[in-house]
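Student:
There are 4 protein chains.
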Amino acid sequence: MLFHVDPLAAEPIFEQIAFQVKGAVARGEMKPGDRLPSVRDLARTLAVNPNTVVKAYDVLTAEGVIVRRQGAGCFVTGAETTLGDAAREKRLAALVERTVTEAYHLGYGPAEVKEALTRALKEVRFPKAARGRSRRSS
Amino acid sequence: MLFHVDPLAAEPIFEQIAFQVKGAVARGEMKPGDRLPSVRDLARTLAVNPNTVVKAYDVLTAEGVIVRRQGAGCFVTGAETTLGDAAREKRLAALVERTVTEAYHLGYGPAEVKEALTRALKEVRFPKAARGRSRRSS
Amino acid sequence: MLFHVDPLAAEPIFEQIAFQVKGAVARGEMKPGDRLPSVRDLARTLAVNPNTVVKAYDVLTAEGVIVRRQGAGCFVTGAETTLGDAAREKRLAALVERTVTEAYHLGYGPAEVKEALTRALKEVRFPKAARGRSRRSS
Amino acid sequence: MLFHVDPLAAEPIFEQIAFQVKGAVARGEMKPGDRLPSVRDLARTLAVNPNTVVKAYDVLTAEGVIVRRQGAGCFVTGAETTLGDAAREKRLAALVERTVTEAYHLGYGPAEVKEALTRALKEVRFPKAARGRSRRSS
DNA sequence: GTGGTCTAGACCACA
DNA sequence: GTGGTCTAGACCACG
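Top line first, the protein sequences correspond to chains A, B, C and D. Counting with my numbering, you get residues 1 to 138 for the letters of the first sequence. Counting with my numbering, you get residues 139 to 276 for the letters of the second sequence. Counting with my numbering, you get residues 277 to 414 for the letters of the third sequence. Counting with my numbering, you get residues 415 to 552 for the letters of the fourth sequence.
1) Got a sec: which bits of the stretch 299-312 of chain C sit with their beta carbon under 8 Å from any beta carbon on chain B, in order along the chain?
2) Using a Cβ cut-off of 9 Å, pull out every chain A residue sitting near ALA231(B), in sequence order please.
3) Express the C-alpha separation of VAL21(A) and VAL341(C) in angstroms, rounding to a whole number.
4) Since PHE473(D) and PHE428(D) should fall inside the 8 Å C-beta cutoff, what is the C-beta to C-beta distance between them, to a whole number of angstroms?
5) Do the CB positions of HIS4(A) and ALA164(B) come within less than 8 Å of each other?
6) Less than 8 Å separating the beta-carbons of VAL67(A) and ALA500(D)?
7) Figure out for me which residue from SER38(A), GLN70(A), THR101(A) and LEU2(A) has the closest Cα to the Cα of GLU29(A).
8) Given a cut-off of 8 Å, decide if PRO524(D) and PHE295(C) are closer than it, judged by their beta-carbon atoms.
9) Residues of the stretch 51-72 of chain A with a CB closer than 9 Å to any CB of chain D: list them in chain order, please.
10) I'd like to confirm the pairing. Which residues does DSSP put opposite LEU359(C) in its beta bridges?
11) Is it buried or exposed for GLU102(A), if we count other Cβ within 10 angstroms and need 16 for buried?
12) Closest by CA to GLU477(D), which one among GLU373(C), GLY383(C) and LEU368(C)?
13) Can you tell me whether ARG311(C) is helix, strand or coil according to DSSP?
14) Compare the C-beta of LEU2(A) with all C-beta atoms of chain C and state if any pair is closer than 8 Å.
15) Answer with buried or exposed for GLN430(D), where buried requires no fewer than 16 other C-beta atoms within 10 angstroms of its C-beta.
16) Per the DSSP calculation, GLY349(C) is bridged to which residue(s)?
17) For THR353(C), go through chain B and note every residue whose CB falls closer than 9 Å to its CB, in chain order.
18) Considering only residues of the same chain and omitting the five flanking positions on each side of LEU221(B), which have a CB-CB separation below 6 Å?
19) Do you know offhand how far PRO283(C)'s Cα is from LYS504(D)'s?
20) So the candidates are LYS390(C), GLY349(C) and GLU391(C); which of them puts its Cα closest to the Cα of LEU312(C)?
21) Between the C-alpha atoms of PRO50(A) and VAL39(A), what's the straight-line distance to the nearest angstrom?
22) How many Å lie between ALA31(A) and VAL376(C) at the Cα?
23) Skipping 5 residues on each side, what residues in its chain have a beta carbon closer than 8 Å to that of VAL192(B)?
24) Quick one: what's got a C-beta closer than 6 Å to ASP448(D)'s C-beta in the same chain, skipping five residues either side?
25) Using the C-alpha atoms, what's the distance from VAL389(C) back to ALA461(D)?
26) Report the three-state DSSP secondary structure of ASN187(B) (helix, strand or coil).
27) I'd like to know whether the C-beta of PRO426(D) is nearer than 8 Å to at least one C-beta of chain A.
28) Work out the CA separation of ALA396(C) and THR532(D) for me, nearest whole Å.
29) Count the other CB atoms within 10 Å of the CB of SER413(C); is the residue buried (16 or more) or exposed (fewer)?
30) At a Cβ threshold of 8 Å, is ALA87(A) touching chain C?
31) Please state the DSSP three-state secondary structure of PHE14(A).
32) Using the beta-carbon of each residue, which ones in chain D are nearer than 8 Å to ALA379(C)?
33) Within the same chain, show all residues whose beta-carbon is closer than 6 Å to that of ALA56(A), passing over the 5 residues directly before and after it, in chain order.
34) In chain order, what residues of the same chain lie with their CB nearer than 6 Å to the CB of GLU261(B), ignoring the 5 residues before and after it?
35) Name the chain D residues that come within less than 8 Å of GLU356(C), Cβ to Cβ?
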C-alpha cells in the first residue's frame, strides 16, 4: 500500500491517512489480518510527526477498522461495525444527503450523480455474502 | 424557511446553518431571488452569536449560493458555482467516494447505497432544463 | 464536579479522567447538556498536560458520552450508545465475567459479589424509563 | 485444558493467557495441584513467543494463582490471594463499580446487570466451604 | 523492533 | 475564551 498526504489541504492530515486506509480496505487492497505500516515507518514515509499517524490509527481503531497490538503492530480487522441499525442508517442518510445537496450546488443533475456513484461502487470489493437491510451480526 | 441548530452536535454551528440553506435551496424551498433572514434576526432566532451567522453567510457567498446586496440583505442566487469543470468533477468524485467508502465500512452493500441515493435525489428539485456534462454557462 | 488523578497508579491518567466523568454521569451528578471543565482548566487543576485531558475527552467523545464544540466547550450528551445489540451484550458479558473471575480469585463467594453489585447499583441514577432487553433507539 | 489466543484482539496476549487460566481455575476445569503446560509447549501450541507465556505465568505467580516448582513446572495453588482485607474489598468495589458504570453507559438497567451477574456466577465453582467476610487463612 | 503514555509548546479555527 | 491540529521528544510496556 502506498499512502500520501497533502499538508496544505484543508482536510487534516490524520483524516487523510485514516481515509486512505479505509479506502484500501474497501477496495480489497488490504484484507483482514494484513499489517499496516508501523507508526514510525509511516511517519517517516509521509514526513509527518509520528503522533499524527497515531491519531489516524486512533480513529481507525475507534471505528473498528484496525486493531493495534503493543509490540506487534496494527492489523486490519475482519470485524464488522459495532454500530446499531439506527445509527448506521442515520449515518448513511447523512452521507448521501450531503453528497446530493453538494452535487446539486455543483450544477449536476440526478443522472450524473447516479453515474458517479455507480462508477465509485465498482472500485469497492463488497463481500459476496448477501446482506439484508438488518445489521450484520457482530 | 425555518432553520434550527443542534447545540449538542459536533458539527460547527456555522456549518449547520450553511448546510441548511443549501438544503433548502436544493429542495426548492428557497428559490433564486428569495431573501434570507437578516443576520441579526437569524442570530436571535437561533440564539447564537451573530458572528456565527455572518460566517455561515460568508461561506455561502464564497460558494456562490447567495449574494449580499448592500443594505438590502442576502439573496439566493440559484445553483451556480464558480468552479471549473475539472474541479467540479473532482469534487463530485470525492464526495461519492467518501460516501461509498464509509457505507462499505458501515456494512452496506451496493444496492443499499444506490437505494439511499435514489431516495435522497427525490428530495431535490433539480431544474427541468437538460444539463450536459459541461458546466452551465454563468 | 471534582476530579482527581493518581499519577502513580497503573491505570493511565487519561483513563482515570474518562472513568470519573462516566461515573459522574452515571450517578446523575452531571446531566445531558452540562458543560465539562475546559481542557485547559482541568489540566491546570489536575496538574497534568492539556493533551492528557484531550485524550480523556477523546475517549468519551468516541463512546458518545460527551460532545466537543470548538469555541464552546465540552458537553454531556443525552444520547444513548450507538452500539449494536450484539456488541453491547458481548461487552456486558465480558465485564461481568471479568468481575466474577477476579472476585473468585480474591476469595469472595457468590453472595458477597452480589451484595457488592447491589451496593454499586444504588449509586447509579438509572433512567426511570422501562428498558427492554433490546437496545434503546438512537 | 485448551487455551487459545486471538491475535486480532486488542488485549495483550499474555493477559489473554493469564485470564484464561484464571477462568479455568474459577470454573473448576483446573484444580489445585494440576500442572500447567510447560512454557515451551504452550508457546508452540499457541504459536506465540515463549517470553509471552513466561510473562503470563509471572502474572499468575504474582497473584498467587500458580506456583513454579524448580524443574517440575507450574501448578495451580487454588484460589488464594496475598492481599489484605482492605485491599481485597477495595479491589472488589472497583471491579463492580467499573462494571456498573460501563453497563449504565451501554444502556442497561439494574435488573439486566444483576441477571448477567447471576448468569456469570453460575459458571464458577465456588468452594462449598462457608466464607466469612474476612480473608481465608493462608 | 512494536505500540502506549505523557509532556511541552506552537499555531489555527470557532463562538 | 474555547477546542483542533501538529510538532518534538521522553520514557514505558509488549513480543
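Idealized CB from N, CA, C, for every residue including glycine.
Tutor: On the basis of the supplied data:
1) Considering only beta carbons, the part of the stretch 299-312 of chain C lying closer than 8 Å to chain B consists of PRO308 and GLY309, in chain order.
2) Per Cβ cutoff of 9 Å: ALA116, ARG119 and ALA120.
3) Whole-angstrom Cα-Cα distance: 27 Å.
4) This sequence places Val at residue 473(D); Phe is not what is there. Confirmed, Cβ separation roughly 7 Å.
5) Contact: no.
6) Going by C-beta atoms, VAL67(A) is not nearer than 8 Å to ALA500(D).
7) The shortest CA-to-CA distance from GLU29(A) to any of SER38(A), GLN70(A), THR101(A) and LEU2(A) is the one to LEU2(A).
8) It is not a contact, given that the beta carbons lie outside the stated cut-off.
9) Cβ contacts with chain D come from THR61, VAL67, ARG68, ARG69, GLN70, GLY71 and ALA72.
10) Bridge partners of LEU359(C): LEU83(A).
11) Around the beta carbon of GLU102(A), 16 or more other beta carbons lie within 10 angstroms, which makes this residue buried.
12) Nearest of GLU373(C), GLY383(C) and LEU368(C) to GLU477(D), Cα basis: GLY383(C).
13) Strand.
14) Not a single CB atom of chain C sits nearer than 8 Å to the CB of LEU2(A).
15) Residue burial annotation: GLN430(D) is buried, with at least 16 other C-beta atoms found within 10 angstroms of its C-beta.
16) Looking at the DSSP output, GLY349(C) bridges to ARG345(C).
17) Neighbours of THR353(C) on chain B, chain order: LEU146.
18) Answer for LEU221(B): no residue qualifies.
19) Going from the Cα of PRO283(C) to the Cα of LYS504(D) covers about 19 Å.
20) Ranking the options by Cα distance to LEU312(C), first place goes to GLY349(C).
21) Distance between the alpha carbons of PRO50(A) and VAL39(A): 6 Å.
22) The sequence given here places Lys at residue 31(A); Ala does not occur at that position. Rounded to the nearest whole angstrom, the CA to CA distance from LYS31(A) to VAL376(C) is 36 Å.
23) Contacts found: VAL177.
24) Excluding sequence neighbours, ASP448(D) sits near VAL490.
25) Rounded to whole angstroms, the gap between the alpha carbons of ALA461(D) and VAL389(C) is 36 Å.
26) Here ASN187(B) sits in coil by DSSP.
27) Output row for PRO426(D): interface = yes.
28) Answer to the nearest angstrom: the Cα atoms are 15 Å apart.
29) In this prediction, SER413(C) scores a pLDDT of 44, lower than 50, which makes its location untrustworthy; no coordinate-derived value is stated.
30) Chain C places a beta carbon closer than 8 Å to that of ALA87(A), counting this residue as a contact.
31) In the three-state scheme derived from DSSP, where H, G and I count as helix and E and B as strand, PHE14(A) is classed as helix.
32) In chain order: LEU506 and LEU509.
33) Cβ-Cβ distances below 6 Å link ALA56(A) to PHE14, ILE17 and ALA18 in the same chain, with the five nearest sequence neighbours on each side left out; the list follows chain order.
34) Excluding sequence positions up to five before and after GLU261(B), its CB lies within less than 6 Å of the CB of ARG165, all in the same chain and listed in chain order.
35) Going along chain D in sequence order, the residues near GLU356(C) (Cβ under 8 Å) are GLY521.
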